[in-house]
Each structure stands twice: as structure tokens, then as C-alpha cells.
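In our numbering, the protein residues as written are 14 to 479.
The C-beta atom is built at its ideal place from N, Cα and C for all residues, glycine as well.
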């Protein structure tokens with residue numbers, strides 16, 4: 014088990030007054046621009062009522078009227094700057110024509126003098142615009158995505174599927190009591206042993222195989238570290254992940270965070286500034302790896318356990334479509350595959366649409382896959398799938414070209430499996446940790462638990478060539 018404290022230095026919540034996603038010209042001397050997002054002011058402010066409803070339903074402390082007032086000031090200065098630039102361009106063209114046609118020196122000097130005046134005015138106006146632009150864009154980037162029609166706007170989740178009711182019999186002992194399977198130190202450090210260790214890996218691999226063979230997904234391998242610019246593009250709270258202390262950091266704003274290859278954000282670097290042909294859509298990717306979200310499990314506290322652990326193995330999905338309707342269809346397909354997977358365990362679970370107040374600003378809809386945890390006497394999230402619309406794609410410039418214009422893609426994705434929480438629930442429910450009955454596990458061969466050490470090593474070697 015990887016100890017986070019050996020990789021990550023002192024971690025703290027950084028209050029950022031400057032965005033790594035959008036850097037104004039006056040700050041470009043110290044920090045280079047990694048990514049310039051598409052700022053769709055017209056589309057964002059087209060339906061102010063819907064936008065205000067999204068802000069209120071999420072419980073965000075955002076004054077939309079104040080943002081609109083800042084936008085009006087920004088737009089006014091920007092239009093003034095554009096008029097000066099247009100006049101400079103016009104004078105430059107006139108100077109070229111008069112020079113070729115032999116214009117009088119008096120007229121040429123007059124145009125040159127006016128050109129110098131305009132250059133100074135433009136320079137002065139840009140200096141005035143920088144703080145206005147920075148103030149407005151900083152607030153604009155905090156505006157949330159519009160809510161999906163299926164998203165509950167009250168505090169109650171919406172049940173869309175349930176398999177088996179919770180058990181009414183006396184619950185099995187808490188999972189941490191199984192010292193032969195789990196050695197738990199704290200939320201950052203724990204060790205799986207025996208059947209739990211095998212199930213931790215086998216279940217993850219089985220789900221990936223199932224998505225590849227039955228869902229037409231492509232398996233990828235994602236990085237464990239993600240730059241801040243991509244976290245901001247996804248509107249991910251920086252407090253969710255561990256900040257990495259780097260000795261030689263060229264861009265002090267664009268710091269690195271430990272997310273794990275099983276995090277949604279780890280996909281974003283691959284598709285940033287990418288334009289694909291419509292014929293390859295929808296794009297379906299799936300990856301397995303670690304997830305180091307240090308806040309998500311805290312809702313299952315306060316008692317530390319596998320339900321609150323900050324790291325787990327995970328299976329992450331990522332789908333890109335051309336239209337919103339196609340994104341809805343892909344989300345439904347992923348949920349159906351998840352249902353088949355969890356039904357094979359015969360575990361009491363449900364799928365709910367979570368309330369708007371629980372969403373991140375980039376999500377328009379989230380479906381949570383929840384398994385019943387007897388020790389907590391409630392359901393816990395073991396996976397989720399979210400609809401992001403084209404909110405994230407506009408920020409990372411992920412698009413497709415149709416006819417003569419570009420369109421930003423609609424994204425669907427999320428971790429469909431957290432193995433650590435699932436193992437904890439299975440132990441408490443008295444369900445055997447057997448991955449060979451899972452969809453996608455047909456190619457795993459004989460049960461790893463039934464093999465001796467030599468057979469296990471031989472089987473793992475054979476699996477490398479599948």
C-alpha cells in the first residue's frame with residue numbers, strides 16, 4: 014500500500030485569488046498561459062432565470078446581478094479597446110496606400126502621429142482593463158453548469174432503481190473486526206489481505222473487461238497527477254486532492270495534485286485542445302487505477318473505516334458525444350451495465366439522482382450507485398456517473414468539426430466502482446468475496462483463492478498476454 018505521506022509533503026487548502034485557467038496579460042510575464050478556455054458569455058447569460066435557478070438550487074454564494082454588472086463594465090471597455098484597434102488598423106492601411114501612391118509628407122506625418130496616439134491609448138486602456146477583466150473572469154469561471162431536467166432541485170434524492178431491500182436480520186460484525194482480511198491504520202493507510210486483496214484487484218479488472226467487451230469501451234491508462242488548470246476546468250474543489258510539493262515549478266499557478274489514475278480529471282489532459290471527427294463519436298473510455306479523493310468519503314464518518322478511506326481502487330468511465338440527447342443515452346447505458354455488474358453480487362443496492370446541492374459546479378446531473386452498509390445502517394456510494402454537458406469541453410477546447418464550424422462535445426463520466434467501500438459492505442452483509450461470478454470475470458480463469466502460490470504466479474503471467 015502506497016503511503017501518501019511519502020509522496021506528498023505538507024498539504025493545505027490554498028485560497029486562490031488568481032486563476033490558472035485564465036491568466037490576463039499583465040500576469041503572463043511571470044506565468045505562461047497553459048490553456049485559454051472558450052468563454053461563452055452569450056450562451057451563459059442567454060437564460061438568466063435558469064442560471065439563477067441553478068445557483069440557488071446548489072446553494073452557492075454567488076450574486077448573479079453583481080457578475081452581470083461586472084460583465085457590462087468588461088464588455089464596455091473591451092468594445093472601446095476594439096474600436097481603437099480597428100482605427101489603428103485602418104490608419105496602417107492608409108499609410109501603406111499613401112506611401113505607395115506618393116502622398117504628401119504632411120498627411121503622412123499626421124497619420125503617423127495619430128497612430129502613435131492610438132498606440133498609447135491602447136496601451137493605457139489595456140492596463141485599465143486588466144484588473145476589470147481579472148475580477149470579472151474570476152467570478153465568471155465560478156458560475157455553475159445549468160441543471161439537467163432530471164436533477165432533483167430539493168434536498169431529497171430521486172430513486173431510479175433498487176435491487177433487494179436492506180436486510181432486517183441482525184447485522185454481521187463491522188468489517189474492521191475481520192483482522193484476517195483488513196489491517197486498518199487510518200484513512201490514509203490500510204492493508205487488504207487474503208480474499209479481500211484478491212477481490213480488490215479482480216473486481217476492478219472484471220468491470221473493466223465487462224465494459225470493454227460488452228460496452229464497446231476502450232481501456233486507457235491515466236496519470237496519477239493532474240495539473241491545477243485541469244482541476245479548475247472541471248470546477249473541482251482543490252481541497253479534494255493532495256497538493257504535490259515541487260522543487261522546480263516553472264508555473265507557480267499551475268501546481269500538480271495527486272488524483273490517481275482512477276479519477277475523472279486524469280482523462281482531461283488527453284482530450285485537451287483535441288478536435289475529433291464526428292465519425293469517431295461517441296468516444297468511450299474506461300480506466301482502472303487509484304483514486305485519492307480525501308473529502309468524498311468523509312460523509313460516511315466520523316468513525317474512520319474503509320468507508321472513509323481517502324484512497325481506493327476505482328474504475329473510471331469517460332464518454333464524449335456530439336449532442337445532449339446522445340449524452341443522456343450514454344449515461345443510461347453505463348447505468349444499465351453497472352446494474353448488471355452489481356446484481357451479480359446479489360447485494361442490496363440502489364441508484365439515485367443526487368440533489369443539486371451535492372453536485373460540483375461542472376455537473377448538471379449525477380447518478381449515485383449506493384450499496385447498503387449494515388454498520389452505518391444506510392446506503393453508501395460505491396460509484397457514480399455524471400453528465401457534464403459541454404461545460405467542461407468549452408474550458409479544455411475539446412470539440413468536433415461539423416461542416417464549417419466547431420462544436421464542443423458533451424461529456425459523461427465518473428467512477429462506476431470504488432472497491433474499498435464495496436468490500437467493506439460485502440463483509441458486513443456476509444457475502445463471499447468472489448469475483449469469478451462477476452460479469453467480465455469469465456476470463457479470469459480458476460478462482461485465485463483456490464490456487465497455490467505457484468499457480469497464482471503462473472496465472473498472473475498468462476493474464477499479461479490477454
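query: Residue 398: CB within 7 angstroms of a non-hydrogen atom of the ligand HEM; result: The ligand HEM is absent from the structure shown, which contains no ligands of any kind.
query: C-alpha distance - residue 284 paired with residue 250, whole-angstrom precision; result: 21 angstroms
query: Simplified DSSP assignment, three categories, for residue 191; result: coil
query: Own chain residues within Cβ distance below 6 angstroms of residue 91, not counting five before or after; result: none
query: Backbone CA spacing between residue 143 and residue 155 [nearest angstrom]; result: 19 angstroms
query: 7 angstroms Cβ shell around residue 9 - same chain, five flanking residues per side excluded; result: Past the edges of the chain, shown from 14 to 479, lies residue 9, and the structure says nothing about it.
query: The alpha helix (DSSP H) enclosing residue 125, as first and last residue numbers; result: 118-153
query: Sufficient close CB pairs (3 or more, under 8 angstroms) joining the stretch 402-421 to the stretch 349-359; result: no
query: C-alpha gap between residue 338 and residue 104, whole angstroms; result: 50 angstroms
query: Selected residue, minimal CA-CA separation from residue 213, among 447, 97, 94; result: 447
query: Runs of beta strand (DSSP E) lying entirely within the stretch 340-376, each at least 3 residues, in chain order; result: 362-366
query: Contact set for residue 235: own chain, Cβ-Cβ below 7 angstroms, skip 5 residues either direction; result: 274, 279, 280, 300, 302
query: Contacting residues, own chain, Cβ-Cβ under 6 angstroms from residue 454 (five flanking each side not counted); result: 219, 448
query: Among 130, 75, 122, 423, the one whose alpha carbon lies nearest that of residue 291; result: 423
query: Buried or exposed (CB count within 10 angstroms, at least 16 for buried), residue 114; result: exposed
query: Exposure of residue 286, with buried meaning 16 or more beta-carbon neighbours within 10 Å; result: exposed
query: As assigned by DSSP and simplified to three states, the class of residue 312; result: helix
query: Straight-line gap, residue 232 to residue 297 (C-alpha atoms, nearest Å); result: 9 angstroms
query: Through-space distance from residue 112 to residue 246, alpha-carbon basis; result: 49 angstroms
query: Nearest residue (CA-CA) to residue 50, options 60, 336, 34; result: 34
query: Short Cβ contact (8 angstroms threshold) for residue 198 with residue 138; result: no
query: Completely contained alpha helix (DSSP H) runs for the stretch 219-301, where each covers 4 or more residues; result: 241-246, 278-284
query: Sequence-distant residues of its chain with Cβ nearer than 7 angstroms to residue 163 (five each side left out); result: 366, 378
query: Whole-angstrom distance between residue 340 and residue 157, CA atom to CA atom; result: 19 angstroms
query: Start-to-end residues for the beta strand (DSSP E) that takes in residue 87; result: Here residue 87 belongs to no beta strand (DSSP E); instead the alpha helix (DSSP H) covers 77-114.
query: According to DSSP, residues forming a beta bridge with residue 380; result: 366, 398
query: Distance between residue 318 and residue 186 (C-alpha atoms, nearest Å); result: 13 angstroms
query: Where residue 480 falls: helix, strand or coil (DSSP); result: This structure cannot speak to residue 480, because the chain is shown only from 14 to 479.
query: Neighbour-count burial assignment, residue 293, 16 or more Cβ in a 10 Å radius; result: exposed
query: CB contact flag (residue 393, residue 434, <8 angstroms); result: yes
query: Exposure of residue 375, with buried meaning 16 or more beta-carbon neighbours within 10 Å; result: buried
query: Euclidean distance between Cα positions of residue 282 and residue 239; result: 8 angstroms
query: Inter-residue spacing [alpha-carbon to alpha-carbon] between residue 332 and residue 321; result: 28 angstroms
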